[in-house]
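>
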Amino acid sequence: MKGKHIRSGLLFPVLTAFLIFSILYVVSIGTTPIDIKTVYRVMADQIFFSGAQTAAGAWDKSIYQIIWNIRLPRVLFGVCCGAGLSICGAAMQALVLNPVAEPYILGVSSGASAGAALALLTPLPFFSGQYRTTAFALLGALLAFFCVYRMAKAGGGGKIQPVALLLSGTAVNAVMSAVTSFLIFMAKSPESISAVYNWQMGSLASAQWSSLRIPALGTALGCIVFFCQSGNFNLIMIGDDDAAAMGLHVKRFRGMMFIICALIVASLVSVTGIIGFVGLMVPHMVRLLAGTSSNRIILPLSALFGASYLIWADAAARSLFGPAELPLGIITAFVGAPFFFYLMIRKNRGGA
Amino acid sequence: MTTAIEFQNIQTGYGKKEILHNVSVQAERGKITGIVGPNGSGKSTLVKTLFGIVPCKSGAIFLDGKNLQSFSRKDVARKLGYVGQDTSVVFDFSVEDIIGMALYHQKKTDLPSKERIRLAMEELNILEFSGRSIQTLSGGERKLVFLARAVAQGADTIILDEPTNHLDIYHQIFLLNYLKRSGKTILLVIHDLRLAAHYCDHLFLMQDGRVASSGIPEHVLTPKNAKQVFGISGKISYLPDGTRDFCMDFQ
Chain A
2 MKGKHIRSGL
12 LFPVLTAFLI
22 FSILYVVSIG
32 TTPIDIKTVY
42 RVMADQIFFS
52 GAQTAAGAWD
62 KSIYQIIWNI
72 RLPRVLFGVC
82 CGAGLSICGA
92 AMQALVLNPV
102 AEPYILGVSS
112 GASAGAALAL
122 LTPLPFFSGQ
132 YRTTAFALLG
142 ALLAFFCVYR
152 MAKAGGGGKI
162 QPVALLLSGT
172 AVNAVMSAVT
182 SFLIFMAKSP
192 ESISAVYNWQ
202 MGSLASAQWS
212 SLRIPALGTA
222 LGCIVFFCQS
232 GNFNLIMIGD
242 DDAAAMGLHV
252 KRFRGMMFII
262 CALIVASLVS
272 VTGIIGFVGL
282 MVPHMVRLLA
292 GTSSNRIILP
302 LSALFGASYL
312 IWADAAARSL
322 FGPAELPLGI
332 ITAFVGAPFF
342 FYLMIRKNRG
352 GA
Chain B
17 MTTAIEFQNI
27 QTGYGKKEIL
37 HNVSVQAERG
47 KITGIVGPNG
57 SGKSTLVKTL
67 FGIVPCKSGA
77 IFLDGKNLQS
87 FSRKDVARKL
97 GYVGQDTSVV
107 FDFSVEDIIG
117 MALYHQKKTD
127 LPSKERIRLA
137 MEELNILEFS
147 GRSIQTLSGG
157 ERKLVFLARA
167 VAQGADTIIL
177 DEPTNHLDIY
187 HQIFLLNYLK
197 RSGKTILLVI
207 HDLRLAAHYC
217 DHLFLMQDGR
227 VASSGIPEHV
237 LTPKNAKQVF
247 GISGKISYLP
257 DGTRDFCMDF
267 Q
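If you're matching them up, the sequences are chains A and B in order. Just so you know, the working numbering puts the end of the first sequence at 353, numbered straight through with nothing missing. Just so you know, the working numbering puts the end of the second sequence at 267, numbered straight through with nothing missing.
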C-alpha cells in the first residue's frame, strides 16, 4: 500500500494547480460559452490592472459582466463552501473521534438551516439582513451540535460510541428539519417559503459579490484557526486521555473548536442551504491520497480538494439539465451517500 | 529521598459516585512505584487526576514538592510521560506520527524532531516499525510505540497504566527491565502481582477507593492482604538470586 500513496508534499502544488484550473474552466462553462483564455484575460485584467482593458473595450461588456459579476462570485462561493465544509468534516471527525462525522450527518447543517429559517420567516425586531440570518443559523448550529454531543454521550454511557452518535445525529436532524418545515407551514409570504425551500436543497444560485462576504469570512477564519490547531487535532484523534497527558486542555479545546465548526457551517448554510456529505467524503479521499491522517496535511489538503470538488459539482448542477438548475445538495448526496455506505462496510471489515 | 509525585488526600469521582476517598500515594524519585488492587479499586482514576482528565474534588497533587495547580498543562506534559491503558487508534497514523506528537508541546532542541523520534524508537528496539501504520500493529506493539512516545517526550517521570497488558511474556520483561534500567521515576498501575513484587520498589495496595496498605512489597503483598483484598492465597518468596517473587496458590 505504501508505495501507492502519492507523496503528500507533491499533493499541495498539484491540488493548488488543479483548483486554479478548475476555477478558470468552470467559469467558462455555461449557457454562453466563453473560451478559457478570455476568462483568464478578463480576470487577470480585473485583478492586476483593476479593469483597464475592460474599460478600454478590449472585449464585450456583457462578457465581462458574465465572467466577473455572475459566474466568478458563484465559483468563489463554491470554493468557500467546499473548503469550509471539508475542513469542518475533518475537524468534526477528529473532535468526536469518529470517521463518519460531518456537519450534515450530525445535524449541524439542519440546525443552522432551522435557525436561518426562523430569522427569515418570523418578524423578530432585532438585527437585520444577512447578519441576522447568520447569527440565528449559528445559534441553531450550536444547539444542534450540543444536543447531538450530549445525547450521544448519554446514549453511549459517558463514552461516545459511533452508533449512538449517528443515531442522535439522525434524531436531531429530523427535529431540526421538522422545525424548518413547520416554520414554512406557518409562514405567510410565498417568497420566503421558496427561499427556505431552496435552502433545504442547497444551492449556490444566490451568489453575488455582496453575499460572498460572510461565507468568505467564516471559511477564512475557520481555515486559519484549524490550520494553527492542526497539531492539537492530531492529539485529540488518539483519544482524550492521551491528548490530556500531552498537555491539551481537552474539554476547552473541543468546546472552542465546536464553536468554530458551528460558525463556519452557519456562515455557509445561512446563504447556501444544506449541502450534505462534502465534509464526509473529502477528508477521507484526502487521507487515502496522502496516506496519512495527520491533520497538518489533511486539513489544508481537504480545503483545497473540497473547493475543487464543490465547484465541479456546482458546474454539473447548473449545466446537466440545460437551463433548469439542479439543486447542488442533490448532486453531493448522490455522490456522497454511496461513499458513506462504503465507509460503513469498510469499517466493519476492520480499519477506519 | 525526594518525592517526585505526591497525591495528598485525593477525593474524586464521576458525577455523584465517589471513586476515591482520601487517597494518598507517593512516588519516590528514581524508583518504581506500583499501584496494585482489584478491578474497580480506583487505580486508573487516581493516575488520571494528574492530567486533569478526572478533576479532584478535594486534596492536592505535588510534583517535586510544588502544587500541580502551579504548572500549566504543557509544563505537566513536559515533566510526565503517560502510557494509557487503551492504545487503540481510530485513525490511521504512522508510528513516527504518533511518537512525533510527543514533541508538539516540547521546547525545540538542537536535535531535529526526526532524530529524536528515531532515538526513542531505537531505545525501545522498535525501529522495525518505522513507516508502518499504527493500525497494523498488535496491542502489545502499540504499547511499545506509546512508551517510545513517552521516552521521546524526555520526561523524567513516566506513568504507565497496566503496561504489560497485551504484551507477550518476553516483551513484559523487556519493558519492565527497560523501565528499571532507565533510572526514571516510574509510577505503574499493574495487575500482575509477580511482576509487581519483582520490579517495584514500593507498592500501594488499593481497595474500594482507599489505600489498604503501602510500603515495600514484603509489607504489602502479605498472605493476609492477598486473602482480604484479592481473595487468593499467596505470599512473597525469594528467587535463587535473592530477588522477590510472588507465589500464588491456584485454588
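Glycine included, each C-beta is placed from N, C-alpha and C at the ideal position.
1. Name, in chain order, the residues that DSSP records as bridge partners for residue 176 of chain B.
2. Curious, which full-length alpha helix (DSSP H) runs of at least 4 residues does the stretch 262-317 of chain A contain?
3. In this structure, does DSSP put residue 20 of chain B in helix, strand or coil?
4. Counting only C-beta atoms, is residue 88 of chain B closer than 9 Å to chain A at any point?
5. Could you have a look at residue 189 of chain B and say whether DSSP puts it in helix, strand or coil?
6. Counting only Cβ pairs nearer than 7 Å, list the residues of chain A close to residue 121 of chain B.
7. So that I know if they touch, is there some Cβ in chain B lying closer than 9 Å to that of residue 5 of chain A?
8. For my contact list, residue 36 of chain B and residue 225 of chain B are in at a C-beta cut-off of 8 Å; report their separation, rounded to the angstrom.
9. How big is the Cα-Cα spacing for residue 3 of chain A and residue 287 of chain A?
10. For residue 203 of chain B, which option in B:32, B:55, B:63 and B:164 has the closest C-alpha, if you only look at C-alpha atoms?
11. Where DSSP assigns a beta bridge to residue 83 of chain B, which residues make up the other side?
12. Can you name, in chain order, every residue of its own chain whose Cβ lies under 6 Å from the Cβ of residue 99 of chain A, other than the five neighbours on each side?
13. Report the rounded CA-to-CA distance for residue 24 of chain B versus residue 340 of chain A, giving the unit in angstroms.
14. Using a beta-carbon distance below 9 Å, is residue 239 of chain B in contact with chain A?
15. In chain B, which residues lie less than 8 Å from residue 293 of chain A when you measure between Cβ atoms?
16. Can you tell me which of the three DSSP states residue 222 of chain A falls into?
17. For chain A, find out if any of its Cβ atoms is closer than 9 Å to the Cβ of residue 268 of chain B; answer yes or no.
18. Check the Cβ-Cβ distances between residue 96 of chain B and every residue of chain A, and say whether any is below 9 Å.
19. Taking Cβ positions, are residue 107 of chain A and residue 149 of chain A nearer each other than 9 Å?
20. Sorted by chain position, which residues of the same chain lie with C-beta nearer than 7 Å to residue 5 of chain A's C-beta, five sequence neighbours on each side aside?
21. Could you spell out the range, first to last residue, of the beta strand (DSSP E) harbouring residue 252 of chain B?
22. Where does residue 226 of chain B sit, in a helix, a strand or coil, going by DSSP?
23. From the DSSP output, read off the bridge partner residues of residue 34 of chain B.
24. Tell me which residue opens and which closes the beta strand (DSSP E) that residue 260 of chain B is part of.
25. Which chain A residues are close to residue 64 of chain B, counting only those with a beta carbon under 7 Å from its beta carbon?
26. Just confirm the distance between the C-beta atoms of residue 337 of chain A and residue 279 of chain A, as a whole number of angstroms; I'd bet it's less than 8 Å.
27. Using a beta-carbon distance below 9 Å, is residue 209 of chain A in contact with chain B?
28. Could you say which of A:281, A:328 and A:21 lies nearest to residue 344 of chain A if we only look at CA atoms?
29. Quick one, are the C-beta atoms of residue 116 of chain A and residue 138 of chain A less than 9 Å apart?
30. Just how far apart, CA to CA, sit residue 47 of chain B and residue 32 of chain B?
31. For residue 277 of chain A and residue 58 of chain B, what's the separation of their Cα atoms in angstroms?
32. If you run the structure through DSSP and keep just helix, strand and coil, what is residue 320 of chain A?
33. Going by DSSP, which residues form a beta bridge with residue 43 of chain B?
34. Kindly indicate which residue of B:200, B:106, B:120 and B:93 has the alpha-carbon position closest to the one of residue 44 of chain B.
35. Evaluate contact between the stretch 249-269 of chain A and the stretch 94-111 of chain B, counting only Cβ atoms and requiring at least three cross-stretch pairs below 8 Å.
36. Any chance the stretch 75-88 of chain A sits against the stretch 209-229 of chain A, with 3 or more Cβ pairs inside 8 Å?
With the structure as the only source:
1. Taking the first residue of the second sequence as 1, we reach residue 176 of chain B at position 160. BP columns for residue 176 of chain B point to B:99 and B:204.
2. 279-291
3. In the second sequence, the residue the question calls residue 20 of chain B occupies position 4. It is a strand residue.
4. Walking along the second sequence from the start, residue 88 of chain B turns up at place 72. With 9 Å as the cut-off, residue 88 of chain B counts as an interface residue toward chain A.
5. Taking the second sequence and counting its residues from 1, the one referred to as residue 189 of chain B is at position 173. Residue state, collapsed to three classes: helix.
6. Locating residue 121 of chain B in the second sequence gives position 105, counting from the first residue. What residue 121 of chain B touches in chain A: 247 and 248.
7. Translated into the one-based positions of the first sequence, residue 5 of chain A becomes position 4. Confidence at residue 5 of chain A is low in this model, with a pLDDT of 40, below 50, so the placement of that residue should be treated as unreliable; the coordinate-derived value is given next. Interface criterion not met: the Cβ of residue 5 of chain A is under 9 Å from no Cβ in chain B.
8. The count along the second sequence starts at 1 and reaches residue 36 of chain B at position 20. The count along the second sequence starts at 1 and reaches residue 225 of chain B at position 209. So it is a contact: roughly 5 Å between Cβ atoms.
9. In the first sequence, the residue the question calls residue 3 of chain A occupies position 2. In the first sequence, the residue the question calls residue 287 of chain A occupies position 286. Only weak support exists for where residue 3 of chain A lies, its pLDDT of 43 falling under 50; the value from the coordinates is given anyway. Between residue 3 of chain A and residue 287 of chain A, the C-alpha separation is close to 15 Å.
10. Here residue 203 of chain B refers to the residue found at position 187 when the second sequence is read from its first residue. Ranking the options by Cα distance to residue 203 of chain B, first place goes to B:63.
11. The residue given as residue 83 of chain B occupies position 67 in the second sequence. Answer is B:78, bridged to residue 83 of chain B.
12. Here the question's residue 99 of chain A lines up with position 98 in the first sequence. So the list reads 163 and 166, once near-sequence residues are dropped.
13. The sequence position of residue 24 of chain B within the second sequence is 8, counting from 1. The sequence position of residue 340 of chain A within the first sequence is 339, counting from 1. Roughly 53 Å between the two C-alpha positions.
14. Position 223 of the second sequence, counted from the start, is the residue given in the question as residue 239 of chain B. No - not a single Cβ of chain A is within 9 Å of the one on residue 239 of chain B.
15. In the first sequence, residue 293 of chain A corresponds to position 292, counting from 1. Neighbours of residue 293 of chain A on chain B, chain order: 108, 109, 110 and 113.
16. Residue 222 of chain A sits at position 221 when you count from the first residue of the first sequence. Residue 222 of chain A falls in the helix class under three-state DSSP.
17. Residue 268 of chain B is absent from the model: chain B starts at 17 and stops at 267.
18. Here residue 96 of chain B refers to the residue found at position 80 of the second sequence. At least one CB of chain A lies nearer than 9 Å to the CB of residue 96 of chain B.
19. The residue you call residue 107 of chain A lines up with position 106 of the first sequence. The residue you call residue 149 of chain A lines up with position 148 of the first sequence. The answer is yes: Cβ separation under 9 Å.
20. Locating residue 5 of chain A in the first sequence gives position 4, counting from the first residue. Here the model assigns residue 5 of chain A a pLDDT of 40, short of 50, so the residue's position is not dependable and the matter cannot be decided.
21. Residue 252 of chain B sits at position 236 when you count from the first residue of the second sequence. Its beta strand (DSSP E) spans residues 249-254.
22. By one-based count along the second sequence, residue 226 of chain B stands at place 210. Residue 226 of chain B: strand per DSSP, three-state reduction.
23. Within the second sequence, the letter at position 18 stands for residue 34 of chain B. Answer by DSSP bridge pairing, in chain order: B:29.
24. Numbered from its first residue, the second sequence carries residue 260 of chain B at position 244. Its beta strand (DSSP E) spans residues 260-265.
25. Here the question's residue 64 of chain B lines up with position 48 in the second sequence. Residues of chain A passing the Cβ test: 242.
26. For the purposes of this step, residue 337 of chain A is taken as the residue at position 336 of the first sequence. For the purposes of this step, residue 279 of chain A is taken as the residue at position 278 of the first sequence. Sure, about 7 Å apart at Cβ, within 8 Å.
27. The sequence position of residue 209 of chain A within the first sequence is 208, counting from 1. No, because no Cβ of chain B sits closer than 9 Å to the Cβ of residue 209 of chain A.
28. The residue labelled residue 344 of chain A in the question sits at position 343 within the first sequence. Per the Cα distances, A:281.
29. As a first step, residue 116 of chain A is located in the first sequence; it is residue number 115 there, counting from the start. As a first step, residue 138 of chain A is located in the first sequence; it is residue number 137 there, counting from the start. Cβ distance < 9 Å, so residue 116 of chain A and residue 138 of chain A count as in contact.
30. Within the second sequence, numbered from 1, the residue matching residue 47 of chain B stands at position 31. Within the second sequence, numbered from 1, the residue matching residue 32 of chain B stands at position 16. Distance between the alpha carbons of residue 47 of chain B and residue 32 of chain B is about 35 Å.
31. Here residue 277 of chain A corresponds to residue number 276 of the first sequence, with the count starting at 1. Here residue 58 of chain B corresponds to residue number 42 of the second sequence, with the count starting at 1. Cα-Cα distance, rounded: 44 Å.
32. Here residue 320 of chain A is taken as the residue at index 319 of the first sequence, counted from 1. Helix, per DSSP.
33. The sequence position of residue 43 of chain B within the second sequence is 27, counting from 1. Beta-bridge pairing links residue 43 of chain B to B:21.
34. Walking along the second sequence from the start, residue 44 of chain B turns up at place 28. Minimum Cα distance to residue 44 of chain B is reached at B:200.
35. no
36. In short, these stretches touch, since the Cβ pair count reaches three.
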